[in-house]
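Data block below; observations after.
There are 4 protein chains.
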Amino acid sequence: MKKGVVEVRVRYAETDQMGVVYHSNYLNYLELGRVEWLRSLGYSYAELEKKGVLLPVVHAELNYRFPARYDELIRVETEVSSIGKSSIEFSSQLFNEMDALVLEGKVRLVCLNADAFKPISIPEDLRIIISDVMNV
Amino acid sequence: MKKGVVEVRVRYAETDQMGVVYHSNYLNYLELGRVEWLRSLGYSYAELEKKGVLLPVVHAELNYRFPARYDELIRVETEVSSIGKSSIEFSSQLFNEMDALVLEGKVRLVCLNADAFKPISIPEDLRIIISDVMNV
Amino acid sequence: MKKGVVEVRVRYAETDQMGVVYHSNYLNYLELGRVEWLRSLGYSYAELEKKGVLLPVVHAELNYRFPARYDELIRVETEVSSIGKSSIEFSSQLFNEMDALVLEGKVRLVCLNADAFKPISIPEDLRIIISDVMNV
Amino acid sequence: MKKGVVEVRVRYAETDQMGVVYHSNYLNYLELGRVEWLRSLGYSYAELEKKGVLLPVVHAELNYRFPARYDELIRVETEVSSIGKSSIEFSSQLFNEMDALVLEGKVRLVCLNADAFKPISIPEDLRIIISDVMNV
Chain A
11 MKKGVVEVRV RYAETDQMGV VYHSNYLNYL ELGRVEWLRS LGYSYAELEK
61 KGVLLPVVHA ELNYRFPARY DELIRVETEV SSIGKSSIEF SSQLFNEMDA
111 LVLEGKVRLV CLNADAFKPI SIPEDLRIII SDVMNV
Chain B
11 MKKGVVEVRV RYAETDQMGV VYHSNYLNYL ELGRVEWLRS LGYSYAELEK
61 KGVLLPVVHA ELNYRFPARY DELIRVETEV SSIGKSSIEF SSQLFNEMDA
111 LVLEGKVRLV CLNADAFKPI SIPEDLRIII SDVMNV
Chain C
11 MKKGVVEVRV RYAETDQMGV VYHSNYLNYL ELGRVEWLRS LGYSYAELEK
61 KGVLLPVVHA ELNYRFPARY DELIRVETEV SSIGKSSIEF SSQLFNEMDA
111 LVLEGKVRLV CLNADAFKPI SIPEDLRIII SDVMNV
Chain D
11 MKKGVVEVRV RYAETDQMGV VYHSNYLNYL ELGRVEWLRS LGYSYAELEK
61 KGVLLPVVHA ELNYRFPARY DELIRVETEV SSIGKSSIEF SSQLFNEMDA
111 LVLEGKVRLV CLNADAFKPI SIPEDLRIII SDVMNV
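Residue numbers (the numbering used here), protein chains in the order written: chain A, 11 to 146; chain B, 11 to 146; chain C, 11 to 146; chain D, 11 to 146.
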């Protein structure tokens, strides 16, 4: 599984008066793509946080290609594009039910110590999982 | 000031594809009404929380009268309807710029210890402020 | 199926700094419970809207029993508690993975003509489906 | 006024369990910065939309520098970085009350016909206002 594939259905609350998904909500879909992919690989982001490690977003880049609409089932495809000592960059593509490209996004996360909000190395078990999917 | 009066402008993100404010977002307006009223009385909810006291909502009742729309300036009027040992009930009315009643809401909050999530007495300084406004 | 049962996983964006789900977000879960239940009965809310019928919330009542937390799988149980000429009232109960009652909620929706925002009778096909589940 | 300056107070609903503003919510602050700046220049985005012109976001780039927290008053500084036939690019910087840089963001909007969702030229009155602020 070099790529994670997750489906998310657009909620009414996520639309705006243009009749499409409000632009900030796609960042939530990208997060679901990452978290559910990790879950499918046996890794729980929630558990990571309980161990005192945070993974906040430090950079995001979004290209909106085609609006998603209420009740559509959006396919979120996620890849790791690079990994550093403390940071991971994910690249994602969203598609609608007609297979039209909805959005392309890149998000960089950095590993922080929850107490001090200071960068730390990516935990070894997470690094192994990510290296494995990158080398598929 | 028996009643707090605060204005909030409807954001684009708060609308849905019906072209009106999505129904859950009114709870945010009610909270703004409470928090800004307390601020105008010299009381900071943020400070309260830093002292280890939480005030979560345990009950809410909302009657939707007339839809609020994007960019409208909504007037939030807030009163305390009752106060108990650990709980406070606020009653709110929202009006639009034409003075039409938008929503009536009631919210009950309970004072909790942040560590144990257990009910505690309302802090004395907050009780005094609230008793004062109730007796105006 | 007198009762709809749907599961929804708590998203990071839905938590607040208390470490639990922010209180307005439960209204989204209630909506998911209704919409997915109708879908399982062969009825699409999205299709209804495309025919020019809206179903906005006009009343909501929420009792918060136990906080839901990030990544928990919340079970949303939904029933129709009453049906009128133009309105439907749903009663919902939310449970966490430990089967603790998280929230009890009641929501009344009213059928509106999308053009004029005026009440209309509940469409016959929807009324039949709802009467059927109420009489199970 | 080459630069728009608007203040926005962080809401409880915008925080997450990390105790900071959830990363997607900054896009809302950027929008407030643009909309309120235009309002201060005598231009209403809401009016533009009523005339059948939409201005959706087609590209966004966010660099998160320092977390914003509940109840902080965030200063949103907005500039137009470029203007094309149908598109406008805004650059924004957010600062907290200690004057720390919170976020740098760039957002490109494109002018669309509301009926067909097709690109159209930027309305002349809006182009004039924007050219004026760019030439200050």
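Ideal Cβ positions, reconstructed from N, Cα and C, are used throughout, including at glycine. Since the model is a prediction, treat every value here as computed from it, not as a measurement.
- Between serine 54/B and the rest of its own chain, which residues show a CB-CB distance below 8 Å, the 5 nearest in sequence each way excluded? Closer than 8 Å at the Cβ level, and outside the excluded window around serine 54/B, lie Leu48.
- Message: So that I know if they touch, is there some Cβ in chain D lying closer than 7 Å to that of tyrosine 22/A?
- Response: Closer than 7 Å: no.
- Message: I need the DSSP call for arginine 137/B, collapsed to helix, strand or coil.
- Response: Three-state DSSP puts arginine 137/B in a helix.
- Task: Could you tell me which residues DSSP pairs with leucine 65/C in its beta bridges?
- Result: Leucine 65/C is bridged by DSSP to nothing; it lacks a bridge partner.
- Query: With a CB to CB cut of under 7 Å and the five nearest residues on each side skipped, what residues in its chain are close to tyrosine 39/B?
  - Reply: Cβ neighbours of tyrosine 39/B beyond the five flanking positions: Val18, Ile84, Val86 and Leu104.
- Name, going along the chain, the residues of the segment 56-89 of chain B whose beta-carbon falls closer than 7 Å to a beta-carbon of chain D. Within the segment 56-89 of chain B, the residues whose Cβ lies closer than 7 Å to some Cβ of chain D are Ala56, Tyr80 and Asp81, listed in chain order.
- How long is the line joining the alpha carbons of proline 66/D and lysine 60/D, rounded to whole angstroms? The straight-line gap from Cα to Cα measures roughly 14 Å.
- Task: Could you check the C-alpha separation between aspartate 135/B and valine 143/B for me, to the nearest Å?
- Result: Pairing aspartate 135/B with valine 143/B, the inter-Cα distance amounts to about 13 Å.
- Item | Same chain, Cβ closer than 6 Å to arginine 118/C, five either side skipped, listed in chain order | Excluding residues within five positions, the ones whose Cβ falls inside 6 Å are Val68, His69, Ser97 and Glu99.
- Got a sec? Which residues, its chain only, sit under 7 Å from lysine 128/A by beta carbon, not counting five neighbours each side? Once the five neighbours on either side are set aside, the close Cβ partners of lysine 128/A are Leu122.
- Item | Status (buried if at least 16 other CB within 10 Å, exposed otherwise) for asparagine 145/C | Label assigned to asparagine 145/C: exposed.
- Task: Would you mind listing the beta strand (DSSP E) stretches within the segment 82-144 of chain A that are 3+ residues and don't spill past its ends, in chain order?
- Result: Here the runs fully enclosed are 83-93, 97-105 and 111-120.
- Message: For a cutoff of 7 Å on Cβ pairs, would you count asparagine 106/C as touching chain A?
- Response: No, its Cβ sits nowhere closer than 7 Å to a Cβ of chain A.
- Query: If you count every other CB in all the chains shown that lies within 10 Å of the CB of aspartate 109/C, and 16 or more means buried, which is it?
  - Reply: Counting Cβ neighbours within 10 Å, aspartate 109/C comes out exposed, since fewer than 16 surround it.
- asparagine 73/B - partner residues in DSSP beta bridges: Looking at the DSSP output, asparagine 73/B shares a beta bridge with Glu114/B and His69/C.
- Query: histidine 33/A to lysine 95/B, Cα distance in whole Å?
  - Reply: When rounded, the distance between both Cα atoms is 44 Å.
- Can you find a C-beta in chain A that's less than 7 Å from the C-beta of asparagine 38/C? When Cβ-Cβ separations below 7 Å define contact, asparagine 38/C makes contact with chain A.
- Cα-Cα, which of Ser131/C, Ile138/C and Ile140/C is closest to glycine 62/C? Out of Ser131/C, Ile138/C and Ile140/C, Ser131/C has the C-alpha closest to the C-alpha of glycine 62/C.
- Determine the contact status of arginine 75/A and leucine 42/A, defining contact as a CB-CB distance below 7 Å. The Cβ atoms of arginine 75/A and leucine 42/A do not sit closer than 7 Å to each other.
- Message: With a threshold of 7 Å between beta-carbons, can glycine 115/A be considered close to chain B, or not?
- Response: No, glycine 115/A does not count as interfacial toward chain B.
- Task: Would you mind telling me which residues of chain A sit closer than 7 Å to aspartate 125/B, beta carbon to beta carbon, in chain order?
- Result: What aspartate 125/B touches in chain A: nothing, since even the nearest Cβ is about 17 Å away.
- Message: Once DSSP output is grouped into helix, strand and coil, what is the label at valine 45/C?
- Response: Three-state result, valine 45/C: helix.
- Item | Contacts that asparagine 35/D makes with chain A (C-beta to C-beta distance below 8 Å) | Neighbours of asparagine 35/D on chain A, chain order: Ser34.
- Item | Contact set between methionine 28/C and chain B, taken where Cβ atoms lie within less than 7 Å | Leu64 and Pro66, listed in chain order.
- Query: Tell me which same chain residues have a C-beta within less than 7 Å of the C-beta of isoleucine 44/B, skipping the five on either side of it?
  - Reply: The sequence given here places arginine at residue 44/B; isoleucine does not occur at that position. Result list for arginine 44/B: Thr88 and Phe100, in chain order.
- Task: Measure the C-alpha to C-alpha separation of leucine 51/D and methionine 11/D and round it to an integer number of angstroms.
- Result: Their backbone Cα atoms lie some 9 Å apart in a straight line.
- Message: For glutamate 17/B, report the span of its alpha helix (DSSP H) as first-last.
- Response: No alpha helix (DSSP H) contains glutamate 17/B, which is instead part of the beta strand (DSSP E) from 14-19.
- Task: Using a Cβ cut-off of 8 Å, pull out every chain B residue sitting near leucine 42/D, in sequence order please.
- Result: Counting only Cβ-Cβ distances below 8 Å, leucine 42/D has contacts in chain B at Arg21, in chain order.
- In angstroms, rounded to a whole number, what distance separates the CA positions of lysine 13/C and arginine 21/C? Between lysine 13/C and arginine 21/C, the C-alpha separation is close to 25 Å.
- Message: Among the candidates Asp26/B, Lys116/B and Asn106/B, whose CA atom is the shortest distance from the CA of serine 92/B?
- Response: Put simply, of Asp26/B, Lys116/B and Asn106/B the residue whose alpha carbon is nearest the alpha carbon of serine 92/B is Lys116/B.
- Query: For glutamate 46/C versus valine 90/C, is the C-beta spacing smaller than 7 Å?
  - Reply: No, the Cβ-Cβ distance between glutamate 46/C and valine 90/C is not below 7 Å.
- Proximity winner among Arg137/D, Leu72/D and Glu107/D, relative to valine 120/D (alpha-carbon distances): When each option's Cα is compared against that of valine 120/D, the closest is Arg137/D.
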